[in-house]
Amino acid sequence: MRHLYECPMRWADMDLLGHVNNVVYVDYLQEARVDMLRTHGRAAQTGELAEGVVVVRHEVSYVAPLTFKFQPVSIECWVTEIRAASFTMAYEVFHDLPDGDRRVYLRATTVLTPYVFATEHPRRISAEERETLLAFLEPVERRPKLKFGPPRRDRVGHYPVHVRFSDVDAYRHVNNVKYFEYFQEARLLLNARLWRDVPEGTPPPSVVVAQTDVDYRVPILFRPEPYDAWSWISHVGQSSVVIESEIVDGDTPLSRARVVIVFFDQVTQRAAPAPAAYREPLLAAVADA
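Taking the working numbering, the leading residue of the sequence shown gets 113, the next gets one more, and so forth.
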């Protein structure tokens, strides 16, 4: 069984290209997940499974641009794996078309673990929670987890992460969606620094996010002092770039991310080769590693 959630869209969800911003999709997934866990099964009576979990990992594949509509966007979500102290959910974000086809915008998976916030420790899944999750189980073969490369801490890739009060959820942790926002700000600043010597008058490129993988290791908390984010270029293709990032508190890693961005032709709505003026600084950044 799959849960269907009709997610309202907001005009503020759009980016400069008129597409739903990559960060906002993760907010949509959170809304669909909470709706599923609040409305089904015996575990929904307490709400602990919906509200007492933390995200361990997100893997998000952006399939096609989504533009604003007054109608909701549909999200199917279900469970692909249940372990002793964690479970994995899958999602598909789409619109059903009048001709019967489905236009898919995004596919994603999330690994979650029940959590005791009073003691800041994960816990095992209860029998009632397992019963609820089993109703949505569609097992799939586990894919090998991509390993992150060694971190780099070059000055050009440094971004101070200032946590806003509104970033924090009811459990005094930074909400999982906000990490995507932090990583977005960090890579935008990295690119701006790498491209600062591009000749004036060179048309700016259009880029879209194709894939984002985020590992959550230690909760980020609200405080006046900023955390440190470090970003670096790990691979450059003809039309794509892989940017890795890490948020740390001193020497303690808090979260890691790998983002694939693609140069984009707004006319054809397809990937396009990176302009040389912008590709060469990226290649130089990889060569300097």
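Note that beta-carbon positions come from the ideal geometry of N, C-alpha and C, so glycine has one too.
Rounded straight-line distance, which links the Cα of residue j to that of residue i
i	j	result
threonine 314	glycine 349	21 angstroms
histidine 115	arginine 265	42 angstroms
leucine 302	phenylalanine 334	24 angstroms
leucine 149	leucine 395	45 angstroms
threonine 222	asparagine 288	11 angstroms
arginine 368	alanine 247	32 angstroms
glutamate 358	phenylalanine 229	24 angstroms
valine 268	leucine 300	12 angstroms
alanine 155	alanine 341	37 angstroms
glycine 153	phenylalanine 295	35 angstroms
serine 173	arginine 382	16 angstroms
tryptophan 307	leucine 245	47 angstroms
glutamate 250	proline 336	44 angstroms
tyrosine 390	serine 343	17 angstroms
valine 146	glutamate 297	26 angstroms
Per-residue DSSP class, three states only, for residue i
i	result
aspartate 139	helix
serine 343	strand
serine 367	strand
proline 311	coil
serine 352	strand
threonine 225	strand
alanine 144	helix
glutamate 392	helix
glutamine 296	helix
leucine 333	strand
aspartate 125	helix
arginine 195	coil
alanine 386	coil
Contacting residues, own chain, Cβ-Cβ under 7 angstroms from residue i (five flanking each side not counted)
i	result
leucine 209	Arg215
valine 165	Leu224, Thr225, Pro226 and Tyr227
alanine 234	The sequence given here places proline at residue 234; alanine does not occur at that position. If we look at proline 234 and ignore the five residues flanking it on each side, its Cβ neighbours are Ala197, Thr225, Pro226 and Tyr227.
proline 184	Glu118, Cys119, Pro120 and Met121
CB contact check: residue i to chain B, cutoff 8 angstroms
i	result
aspartate 139	No chain B is present in this structure, which holds just one protein chain.
Cβ shell of residue i (< 6 angstroms), same chain only, five flanking positions each side left out
i	result
glutamate 293	Val135
proline 177	His131
glutamate 193	Thr200
isoleucine 373	Val319, Val321 and Val353
Self-check item: Given 8 angstroms, three or more beta-carbon pairs between the stretch 118–131 and the stretch 254–272
Solution: no
Quiz item: How do the stretch 232–241 and the stretch 181–188 stand: do at least 3 beta-carbon pairs fall below 8 angstroms, yes or no?
Solution: no
Quiz item: Taking the runs of the beta strand (DSSP E) that are 3 residues or longer, which of them lie wholly in the stretch 223–283?
Solution: 270–273
Quiz item: Hey, which unbroken runs of the beta strand (DSSP E) at 3 residues or more fall wholly within the stretch 141–182?
Solution: 165–174
Quiz item: Touch check for the stretch 361–377 and the stretch 320–339: three-plus C-beta pairs under 8 angstroms?
Solution: yes
Quiz item: On the three-pair Cβ rule with 8 angstroms, is the stretch 306–324 touching the stretch 270–277?
Solution: no
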